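Trainee: One structure coming up, written as structure tokens, with questions to follow.
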Amino acid sequence: MKNNDKIIARFPPSPTGWFHIGNARTALFNYFFVKKNNGQLLFRLEDTDKERSNDEYSKDIVEGLKWLGIDIDFNNVYKQSEHSATYRKYIEKMIAEDKAYISKEQVKEEGQRAEVIRLKNPGKKVVFEDMIRGAVEVDTTELGDFVIAKSIDEPIYHLAVVVDDFEMGVNHIIRGEDGIYNTPRQILIQEAIGAPRPVYAHMPFILNQDRSKLSKRQQGEMVSLKYYREQGYSPEAMVNFLAFIGWNPGDDTEIMSMEEIINKFDIMKVQKAGAIFNIEKLLWINKEYLKKLPIEKIQKEIKLRITQNSGFQDDEIIKKITPIILERINVWSDIDQMLKDGDIQYFFEKPILDKEMIVWKKGGTAEEAAENLKLVSEVFEKMDENKFTSENVKEAIWKIAEEKGKGNVLWPLRVSLSGKEKSPDPFTLCGTLGKTEVLSRITIAIELLSK
RNA sequence: GGCCCCAUCGUCUAACGGUUAGGACGAAGCCUUCUCAAGGCUUAAAUCGGAGUUCGAUUCUCCGUGGGGUCACCA
Numbered sequence: 002m003k004n005n006d007k008i009i010a011r012f013p014p015s016p017t018g019w020f021h022i023g024n025a026r027t028a029l030f031n032y033f034f035v036k037k038n039n040g041q042l043l044f045r046l047e048d049t050d051k052e053r054s055n056d057e058y059s060k061d062i063v064e065g066l067k068w069l070g071i072d073i074d075f076n077n078v079y080k081q082s083e084h085s086a087t088y089r090k091y092i093e094k095m096i097a098e099d100k101a102y103i104s105k106e107q108v109k110e111e112g113q114r115a116e117v118i119r120l121k122n123p124g125k126k127v128v129f130e131d132m133i134r135g136a137v138e139v140d141t142t143e144l145g146d147f148v149i150a151k152s153i154d155e156p157i158y159h160l161a162v163v164v165d166d167f168e169m170g171v172n173h174i175i176r177g178e179d180g181i182y183n184t185p186r187q188i189l190i191q192e193a194i195g196a197p198r199p200v201y202a203h204m205p206f207i208l209n210q211d212r213s214k215l216s217k218r219q220q221g222e223m224v225s226l227k228y229y230r231e232q233g234y235s236p237e238a239m240v241n242f243l244a245f246i247g248w249n250p251g252d253d254t255e256i257m258s259m260e261e262i263i264n265k266f267d268i269m270k271v272q273k274a275g276a277i278f279n280i281e282k283l284l285w286i287n288k289e290y291l292k293k294l295p296i297e298k299i300q301k302e303i304k305l306r307i308t309q310n311s312g313f314q315d316d317e318i319i320k321k322i323t324p325i326i327l328e329r330i331n332v333w334s335d336i337d338q339m340l341k342d343g344d345i346q347y348f349f350e351k352p353i354l355d356k357e358m359i360v361w362k363k364g365g366t367a368e369e370a371a372e373n374l375k376l377v378s379e380v381f382e383k384m385d386e387n388k389f390t391s392e393n394v395k396e397a398i399w400k401i402a403e404e405k406g407k408g409n410v411l412w413p414l415r416v417s418l419s420g421k422e423k424s425p426d427p428f429t430l431c432g433t434l435g436k437t438e439v440l441s442r443i444t445i446a447i448e449l450l451s452k
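In my numbering, the protein residues as written are 2 to 452.
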């Protein structure tokens, strides 16, 4: 860095699709690097491809970055589309200095220009230093006099990038591995316009299960950050997870905040090889973050999901079932699935019972079930409504359960209350539903059994 | 195919040239238990192959092999 000691990096997405998870990770690593080194991260929209660029995608990218907690200045976003005069200036300069020339072309396909601007390629070996990979050497001869602009007013990507980075004072470029092929020709352009060479770092890819580059074709919407936002993943979990694809603090720590990551971040320790996207690990990390959330926040989210999906909104019940739900989910959208499976409704309304299901499969009869339910309900009748907690219920009927066989008492009770083969234990159910509702559901079950 | 990049458990990864090759996710088993979940404990599981350098290679070099990427008037 000749003129400037401050590290300036950039994140330059082109808004031609939903914010890609791999791009999100690149942005994150840029941010880690810059924060660690008291530098600055700039944002640039590469929106010169008018056909494919759109505003919705730009918004999605900005929102995604904000969601992740990357605080960069979005007020004065540098848009490529607004700098055509700048590109023109450099193109003219290069032509004037004989570094580039207008080339007459044979038009072979429709849409091809009869004239384009090509760089005079000195045809040499370019060696550049990569913070992740070390020295990378490429022979640029085979590139030939490559095209740098379609016309004096239409630069192509490589030229635009080099000019923008130069104009913006960018001195560190951290980008995806595929940028390695672009680097030599961009260096040639830098030399032609007299721009200093930035320091490079090329990040390994995130991979599909078969180790090919992470693709929408294979992963569908799961390549978009949008998907994870919608599913209700915690941004902290996402940052943690993405950071650990290709990097780690060097010890056994798995859960780290953005601040801790930045603190320990070292770009030299970034992995060279690509890494498969492991959703299982993400799920686990997300759950770790879920568990750390304040209870009010958890209740609020659970209520939101339940109300949206089912219309139920009894605050008392929601409060009671919060711990039950929390230990059964990894991500908020799991609540939607629970609702779909009917695993929550029975806390709010009487389940439809199935006679067969109430009977304990491993050796009970309908008569025994009915009899035991009667015994249990007699005990419940005598209990104080205010002391009808799961602990007290357990204490009150444990003896009966042991005498009559636990399976033959607890299974029918639990199924009578939930109507499900799988559910939380009967004591928890009792404590949540309350004495009146419990007795009512038991009565219904007994009637059903005697039919 | 040319060029480029990469290579430790299934996955993410740790290991100044000297470790019983460590951790995590996942899996399996056990405990707890009426079922599910959660939790606790335990187990299985890896240095791609071959040369070389070295007293000693996961680690350094070379050659294979394998995988991936890239070869635009797209970004």
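In this text, a Cβ means the ideal position worked out from N, Cα and C, and glycines have one as well.
Note that the coordinates shown come from a computational prediction; the quantities given were computed from them, not determined experimentally.
Curious, which full-length alpha helix (DSSP H) runs of at least 4 residues does the region 83–146 contain?
Mentor: 85–97
Trainee: Considering Ser378, what are the terminal residues of the alpha helix (DSSP H) in which it resides?
Mentor: 367–383
Trainee: Please report the distance separating the alpha-carbon of Lys51 from that of Ile22.
Mentor: 23 angstroms
Trainee: For Leu304, which residues does DSSP report across the bridge?
Mentor: Looking at the sequence itself, residue 304 is Lys, so the reference to Leu does not match. Note: Lys304 sits in no beta bridge, so no partner.
Trainee: At the level of alpha carbons, what is the spacing between Gln309 and Lys421?
Mentor: 23 angstroms
Trainee: So for Ala161, helix, strand or coil by DSSP?
Mentor: helix
Trainee: Hey, which unbroken runs of the beta strand (DSSP E) at 3 residues or more fall wholly within the region 188–220?
Mentor: 200–204
Trainee: Keeping to the same chain, check which residues put their C-beta closer than 7 angstroms to that of Lys3; ignore five residues upstream and five downstream.
Mentor: With a pLDDT of 43 at Lys3, under the threshold of 50, the modelled position of that residue is not reliable, and the figure given next carries that caveat. Result list for Lys3: Pro197, in chain order.
Trainee: Can you tell me whether Lys151 is helix, strand or coil according to DSSP?
Mentor: strand
Trainee: Can you find the residues in the same chain that come closer than 7 angstroms, C-beta to C-beta, to Ile62, ignoring five residues on each side of it along the sequence?
Mentor: Sequence-distant partners of Ile62 (beyond 5 residues in either direction) whose C-beta falls short of 7 angstroms from its own C-beta, in its chain, are Pro14, Pro16, Phe20.
Trainee: Locate the beta strand (DSSP E) running through Gly408, then write down its first and last residues.
Mentor: From DSSP, Gly408 is part of no beta strand (DSSP E) but of the alpha helix (DSSP H) over 407–419.
Trainee: May I ask you to report which of helix, strand or coil DSSP gives Lys51?
Mentor: coil
Trainee: Provide the residue span of the beta strand (DSSP E) that contains Gln314, from first to last.
Mentor: In this chain, Gln314 is not harboured by any beta strand (DSSP E), its DSSP state being neither H nor E.
Trainee: Measuring CA to CA, which of Lys383, Ala202, Lys436, Glu368 is closest to Asn1?
Mentor: The question about residue 1 has no answer here: the residues shown for the chain are numbered 2 through 452.
Trainee: What does Gln41 pair with, by DSSP beta-bridge criteria?
Mentor: DSSP output for Gln41 lists Ile9 as bridge partner(s).
Trainee: Comparing alpha-carbon positions, which option in Tyr79, Lys60, Gly65, Arg26 lies nearest Phe44?
Mentor: Tyr79
Trainee: Identify every residue that forms a DSSP beta bridge with Arg176.
Mentor: His203
Trainee: On a CA-only basis, which of Glu281, Asn373, Lys321 is nearest Ile398? Give me that one, please.
Mentor: Nearest in C-alpha terms to Ile398, of all of Glu281, Asn373, Lys321, is Asn373.
Trainee: Assuming Val117 contacts Lys151 under a Cβ cut-off of 8 angstroms, what Cβ separation, rounded to an integer in Å, is found between them?
Mentor: 6 angstroms
Trainee: Candidates Lys105, Gln272, Ile194, Gly112: which alpha carbon is nearest Glu178's?
Mentor: Gln272
Trainee: Looking only at its own chain, which residues have a Cβ that is under 7 angstroms from the Cβ of Lys436, when we skip the five neighbours before and after it?
Mentor: For Lys436, where only same-chain residues beyond five positions count, the Cβ hits under 7 angstroms are Phe381, Met384, Glu386, Phe389.
Trainee: Over what stretch of residues does the alpha helix (DSSP H) that includes Ile447 continue unbroken?
Mentor: 436–451
Trainee: Give the DSSP-derived three-state secondary structure of Ile296 in the structure shown.
Mentor: helix
Trainee: In chain order, what residues of the same chain have a beta carbon less than 7 angstroms from the beta carbon of Pro427, not counting five sequence neighbours either side?
Mentor: Leu411, Leu414, Arg415, Leu418
Trainee: May I ask you to report which of helix, strand or coil DSSP gives Tyr229?
Mentor: helix
Trainee: Does DSSP put Leu354 in a helix, in a strand, or in coil?
Mentor: coil
Trainee: Is Phe278 near Met204, with beta carbons less than 9 angstroms apart?
Mentor: no
Trainee: Any chance the CB of Asp315 is under 8 angstroms from a heavy atom of the ligand NAD?
Mentor: Absence of the ligand NAD is noted for the structure shown, with no ligands found whatsoever.
Trainee: Please confirm whether Ser235 and Asn172 have their CB atoms less than 9 angstroms apart.
Mentor: no
Trainee: Go to Met339, then tell me how far its alpha helix (DSSP H) extends in each direction, as first and last residue.
Mentor: 334–341
Trainee: If you follow the alpha helix (DSSP H) that Ser15 is part of, which residue opens it and which one closes it?
Mentor: Segment: none, Ser15 is in no alpha helix (DSSP H) and carries neither H nor E.
Trainee: On the criterion of 16 or more Cβ atoms from any shown chain inside 10 Å, does Val108 qualify as buried, or is it exposed?
Mentor: Val108 is exposed by the Cβ-count criterion.
Trainee: In angstroms, rounded to a whole number, what distance separates the CA positions of Tyr290 and Asn31?
Mentor: So the alpha carbons of these two residues sit roughly 24 angstroms apart.
Trainee: Cα separation between Glu98 and Lys217?
Mentor: 44 angstroms
Trainee: Tell me which residues share the same chain as Gly145 and place their Cβ nearer than 7 angstroms to its Cβ, disregarding the 5 neighbours each side in the sequence.
Mentor: Cβ neighbours of Gly145 beyond the five flanking positions: Asn122.
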